[in-house]
Amino acid sequence: MDKTLLDALFQPKSIAVVGASTKPGKIGYTVTDRLIKDGYPGPIYPINPGASELLGLKVYPSVSACPGPVDAAVVVVPAEAVKDALLDCAQKGVKGIILITSGFAEIGEKELEQEIVRIAHENNMRILGPNIVGILSNTDKMNASFCPFLPFPGRAALLSQSGALVIAIDAATYSRRVGFDKLVSLGNMADVDFTDCVEWLAQDENTSCISLYIEGFRDGRRFMDIARKTGKPIIALKAGVSAHGAAAAASHTGSLAGAVKVYGAAFTQCGVVQASDLDNLFDRVLALSLQPPMRGDNLLIITNGGGIGVLATDAAERCGIPLKFAPPDVQAELKKHMPVFGSAKNPVDITGMAGPDWYLDAVRYALTHPWLDGLAVLYCETAQTEPLEIAKTIRQAVTESGVTDKPVCACFVGGERSLKAMQWLVESGIPAYAAPDTAVNAMAALYEYGQMRAAVAANDIPSADPAARGAALKIIQQARSDGRTALTEIEAKQVFAAYGMPVTATRLAKSEDEAAALAKQTGFPLVLKIVSPDIIHKSDAGGVKVNLKDEAAVRQAYRDILQNAKAYKADADIHGVAVQEMAEWGAEVILGSVNDPSFGPTVMFGLGGIFVEALKDVTFRVAPIGVSQAAGMMSEIRGAPILAGVRGEKPRDRQAMAAVISRYSQMVTDLMDEIAETDANPVLLYEEGKGLKVVDARIILKKK
Ligand code: ADP
Ligand code: MG
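See the structure below:
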C-alpha cells in the first residue's frame, strides 16, 4: 500500500465534507463548522446535492463537481450511501477518506465494511474508520471531526479505538495542560490501523510521543515490528481483560495465558511503555513528550519537605527505581546549598527554609554530575516562598546546567499558587505534578522507556531454522497421516530434539518382553509411560511409573499401565509403553506456547510441576525471542530467587535455560502453521553448568 496516501489523511491540502448539512446540530454541519472555526487553511468543499451555501461556503452537489483538487474527504452520509460517496471520491482522485459514519462491523455489517475497503483500495484510497470522531491536528489547524476544539497544543499524539475517549481527552488536555499535536480516532480500523498511524507519526516532526488507547490489535506482530523501529516513545493503555487466551485449552499454557499478559509482554519486547489507567496515561505522556529517556537507575530527589521526600522514596521503590545514596562528592557539594540540618543523602532535603537560590544551586549542580541519570524536584508550598518563583528557578537551573539528555520532573504540593506554578513549568517544557508519587511514576516511564529501548537494541532474536523445521515436519506429517492432532510424547520429544533441546531418551515398547529388553539397554532406574494420542495427561490415567529399579518392576509397571489406561479410556488408541531414561531431580519449570489471536505464537516460562496452575507464576513473550529476553523472563517471575539459589542452594543453570527458551520460541515460530499448543512440563533445571532435561513434552497440532 502506498504510504504517501496517509499524508492525505494526516495533512490534506484540501478537504470535502460529504454529507455537509445546513441543519445545525447535524454532524455534517458540525464538521464543516469546526474546519472553518479552527482555521483550516486549505479549501473546504461542503458536498450536498440539496444545498447551495453553508456557513459562507459554496456547496457542491458531488465531490467530482468540486472546482479544485480534493485530497481528503470527511464522509458522514448514512452507511448505505457510503459506497456511492466513495466512488464519487474515487472519480475525483481523493486519497484519504475520513469515514465518520457508523453502522458497519460494530453492528455486524462486516461485509459492507469489507466492500468499502475493497472499493477504496481499488481506487488508491485509504480509509480512516469507519465509526470515528475524526482526526485533529494543531500544526495543520485541522479539526476534521466533531470535537468542539483542537487540543491544548503540544507534541504528543493520541491514537484511540474509542471515539468518545477522543472527545473527552481533547477537553482534558486543557485542564491537565498536557499538550497534543494530533488526535486520531481509529474506530473499526477497517483499513488504517494503529501500525499504519504509528509508522506515519514516527516520521512526523511535530510528534514527540505517541499514545495509544487500545482495545485490540488486528495484527500484533506487524505492530511490534514497526514499534521496534520507531525512535520515539510509544505509550499504550490497553483496555479489556479478555479471556480469549483461556478458551478451549488442552494444555496448562492455554489456561495461564490471558490477553493482558500477552499484550504486556509484547509491549515490553518492542519497547512500548504502558499506562495503568487514563490518569496515568496523561501523567506519563506529559513526561514522555517533554523529556529524554532516563538511561540509568540513578534517580536523585531534591525536596524542601521531608514528608514528600519519603512519599517519593516509597514511590521510587514501587516503580522499580529504588533510591541510592549519591556519591560522597555529590553529597559534599550539595551540603553547601542547604542549612546544617538539611540532608544531602537521597532524597536531598534542602529543608523548608529553602528559597529559590538553594533550588537553583542544587538543581544546577546535580544535573551536571555524571552519576545522576534523572532528577525529581519536589516542592511543598511554604509561607516564605512563592511557588511561581520556585518554578522559574527550576527552569533557569535546568537551562543554565546545559544538560538536555537527562530527564527532570517536578512536583508542587499546595493550592492555587502551586497549580499556577506547575502550569507555568509545564508550558516551559518541564513536566510538573501535584503529588510526589505521580512525579516519580512519570520519571519511571522515562526509565522504563530507556531500559526497554536498550533491550530492543540488543536484538538477538534468532532466525528460522529450516533444517530443524524440515525434520519436525516429517514427524508432524506422520501424525497427520494417521489422522491425529496430538503427537505422542515420543514424537513431541523428537521435534524438541530436532530443535536442539535436551530430552530424556525414550523408546517405544509394544510388549512386556520388549519393555524388559529395552529396559536392560537403557539402564536402571527408569520410567515407563503410556503412549497414546488419546491420553494427554498421562498421570491422570495412572500412565506414569517412575523409579523402576529392575526388570521385575518394569514388567509389573508395564501390566499396570496398560490396565490403568484401559480403565481410564476403554477405546483409547494405545501405541504401547515408553521406556524412558529417568532424569535426576532438578527444579521443575514449565515451557509453554499458545497462539494468541492478535500476536500468534507466544512462549511461556514459569515454575512448573503440579502446582503451576495454582501458583500462576509464569510469564509470556511473543515468539521468537533471543536469550536476553529469555533471561528477562527468568528474572521477572516471583520464583526468580529459587532459580538464583536460595538457602545455600546453588543457582540453577539459567544460561542453559535461556538458550532452550530461545530455541523453543524458534520452534513454535517456525511451526506456527502446524502447532496449536505445546508445552514441556516439567523441564528439570539443574545447578549452574549442569544444564537441564525436558522430561515431558506435548504438542497439539492445528486442525486442518
Ligand atoms: P503427565 O504430565 O502427562 O502426567 P509426565 O511425563 O510429566 O506426565 O510425568 C509425570 C511426572 O513424573 C513428572 O511431572 C515428573 O515428576 C515425573 N517424571 C516423568 N518422566 C520422568 C523422567 N524421565 N525422569 C524423572 N521423572 C519423570
Ligand atoms: Mg507432565
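Each residue of the sequence shown is one higher than the one before, counting from -11 in our numbering.
Beta carbons: idealized from backbone N, C-alpha and C, even for Gly.
Take residue i and list the residues in its own chain whose beta-carbon comes closer than 6 Å to its own, dropping the five residues that flank it on each side.
i: residue 107; result: 74
i: residue 489; result: 648, 651 and 682
i: residue 258; result: 212, 215 and 216
i: residue 342; result: 292
i: residue 262; result: 224 and 255
i: residue 526; result: 517, 518 and 532
i: residue 203; result: 149, 227 and 228
i: residue 236; result: Low confidence applies to residue 236: its pLDDT is 37, below 50, so where it sits in the model is not reliable enough to give any reading.
i: residue 189; result: 145, 195 and 198
i: residue 251; result: 226
i: residue 280; result: 393 and 395
i: residue -8; result: none
For residue i, is the beta carbon positioned less than 6 Å from some heavy atom of the ligand ADP?
i: residue 410; result: no
i: residue 319; result: no
i: residue 489; result: no
i: residue 510; result: no
i: residue 532; result: yes
i: residue 476; result: no
i: residue 481; result: no
i: residue 571; result: yes
i: residue 527; result: yes
i: residue 473; result: no
i: residue 657; result: no
i: residue 492; result: yes
i: residue 391; result: no
i: residue 273; result: no
i: residue 568; result: yes
i: residue 428; result: no
i: residue 515; result: yes
Which residues in the same chain as residue i place their Cβ atom closer than 7 Å to its Cβ, once the five residues preceding and following it in sequence are excluded?
i: residue 611; result: 581, 589, 590, 591, 653, 656 and 657
i: residue 15; result: 64, 88 and 134
i: residue 238; result: Reliability fails at residue 238, whose pLDDT of 41 lies under 50, so the model's placement of it is uncertain and the value that follows must be treated cautiously. Result list for residue 238: 524, 665 and 688, in chain order.
i: residue 350; result: 290, 322, 325, 336 and 338
i: residue 474; result: 521, 524 and 688
i: residue 545; result: 516, 533 and 536
i: residue 307; result: 428, 429 and 432
i: residue 563; result: 476, 496, 519 and 520
Take residue i and list the residues in its own chain whose beta-carbon comes closer than 8 Å to its own, dropping the five residues that flank it on each side.
i: residue 59; result: -4, 0, 1, 2, 3, 30, 82, 83 and 84
i: residue 408; result: 375 and 376
i: residue 219; result: 190
i: residue 5; result: 16, 19, 20, 23, 32, 33, 34, 35, 61, 62 and 64
i: residue 485; result: 491
i: residue 298; result: 335
Inset, instruction - Mind listing which residues have their beta carbon within less than 5 Å of any non-hydrogen atom of the ligand NAP? Chain order is fine. - result: No copy of the ligand NAP occurs in the structure displayed; its ligands are the ligand ADP and the ligand MG alone.
Inset, instruction - Determine, using beta-carbon pairs with one atom in the region 25 to 33 and one in the region -4 to 10, whether at least three such pairs fall under 8 Å. - result: With a cut-off of 8 Å, the region -4 to 10 and the region 25 to 33 count as touching, because enough Cβ pairs lie within range.
Inset, instruction - Kindly provide the ranges of any alpha helix (DSSP H) runs that are 4 or more residues long and lie completely inside the region 1 to 47, ordered along the chain. - result: Fully enclosed alpha helix (DSSP H) runs of 4 or longer: 15 to 25.
Legend entry - Complete runs of the beta strand (DSSP E) confined to the region 395 to 422 [at least 3 residues]: Unbroken beta strand (DSSP E) runs of no fewer than 3 residues, entirely contained in the region 395 to 422, are found at 396 to 401, following chain order.
Legend entry - Minimum length 4: unbroken alpha helix (DSSP H) runs contained in the region 423 to 475: With a minimum length of 4 residues, the continuous alpha helix (DSSP H) runs that stay inside the region 423 to 475 are 424 to 446 and 454 to 469.
Legend entry - Every unbroken alpha helix (DSSP H) within the region 44 to 85, with a cutoff of 4 residues, ordered by chain: Runs of the alpha helix (DSSP H) lying entirely within the region 44 to 85, each at least 4 residues long, are 70 to 80 in chain order.
Inset, instruction - Kindly confirm or deny that the region 642 to 655 and the region 448 to 459 touch, where touching means at least three C-beta pairs closer than 8 Å. - result: The region 642 to 655 vs the region 448 to 459: in contact.
Legend entry - Stretch-stretch touch, CB-based, cutoff 8 Å, three pairs: the region 140 to 152 with the region 166 to 183: Verdict: yes, contact present.
Inset, instruction - Flag this pair as touching only if the region 311 to 319 and the region 351 to 371 have three or more C-beta atom pairs under 8 Å; answer yes or no. - result: Contact holds: three or more Cβ-Cβ distances are below 8 Å.
Legend entry - Touch test, the region 561 to 571 against the region 660 to 668, Cβ-Cβ under 8 Å, three pairs minimum: No: fewer than three Cβ pairs fall under 8 Å.
Legend entry - Within the region 639 to 683, ranges of the alpha helix (DSSP H) (whole runs, at least 4 residues): The DSSP assignment places 642 to 658 as complete runs of the alpha helix (DSSP H) inside the region 639 to 683, in order along the chain (cut-off: 4 residues).
Legend entry - Three CB pairs or more closer than 8 Å across the region 187 to 204 and the region 130 to 144: Result yes; three or more Cβ-Cβ pairs closer than 8 Å.
Inset, instruction - At 4 residues or longer, and completely inside the region 560 to 610: list those alpha helix (DSSP H) runs for me, N to C. - result: Annotation: the region 560 to 610 contains the following complete segments of the alpha helix (DSSP H) (minimum length 4 residues), in chain order: 600 to 603.
Inset, instruction - Could you name each continuous beta strand (DSSP E) segment of 3 residues or more that falls completely within the region 111 to 185, going from the start of the chain to the end? - result: As far as the region 111 to 185 is concerned, its whole beta strand (DSSP E) runs of at least 3 residues are 114 to 116, 122 to 125, 130 to 133, 141 to 148 and 168 to 173.
Inset, instruction - Ignoring anything shorter than 4 residues or poking outside the region 255 to 297, list the alpha helix (DSSP H) runs there in chain order. - result: Look at the region 255 to 297 and you find these whole runs of alpha helix (DSSP H), each 4 residues long or longer: 266 to 278.
Legend entry - Cβ contact check for the region 503 to 523 and the region 598 to 613: 3 or more pairs under 8 Å: When C-beta atoms of the region 503 to 523 are compared with those of the region 598 to 613, fewer than three pairs fall below 8 Å, so the two segments do not count as touching.
Legend entry - Given 8 Å, three or more beta-carbon pairs between the region 95 to 105 and the region 124 to 133: Cβ pair count under 8 Å is below three, so no.
Inset, instruction - Kindly confirm or deny that the region 439 to 446 and the region 416 to 427 touch, where touching means at least three C-beta pairs closer than 8 Å. - result: Taking 8 Å as the limit for Cβ pairs, the verdict is that the region 416 to 427 does not touch the region 439 to 446.
Inset, instruction - Evaluate the contact criterion for the region 367 to 379 versus the region 344 to 355: three or more CB pairs, one atom per stretch, below 8 Å. - result: Using a C-beta cut-off of 8 Å, the region 367 to 379 makes contact with the region 344 to 355, since at least three inter-stretch Cβ pairs fall below that distance.
Inset, instruction - Would you list, in sequence order, the uninterrupted beta strand (DSSP E) runs of no fewer than 3 residues that lie entirely inside the region 493 to 571? - result: Entirely contained in the region 493 to 571, the beta strand (DSSP E) runs reaching 3 residues are, in chain order, 494 to 497, 514 to 519, 532 to 536 and 564 to 569.
Legend entry - Those runs of the alpha helix (DSSP H) which lie wholly inside the region 372 to 397 and span at least 4 residues: With a minimum length of 4 residues, the unbroken runs of alpha helix (DSSP H) contained wholly in the region 372 to 397 fall at 375 to 389.
Inset, instruction - Tell me, please, whether the region 264 to 280 touches the region 425 to 438 by the rule of three or more beta-carbon pairs shorter than 8 Å. - result: Contact between the region 264 to 280 and the region 425 to 438 is present, because at least three Cβ pairs lie under 8 Å.
Legend entry - Segment contact flag, the region 42 to 54 with the region 17 to 28, C-beta cutoff 8 Å, min 3 pairs: At 8 Å Cβ cutoff, the stretches touch.
Legend entry - Inter-stretch contact (C-beta, 8 Å, three-pair minimum) for the region 360 to 373 and the region 276 to 287: Output reads yes: the region 276 to 287 touches the region 360 to 373.
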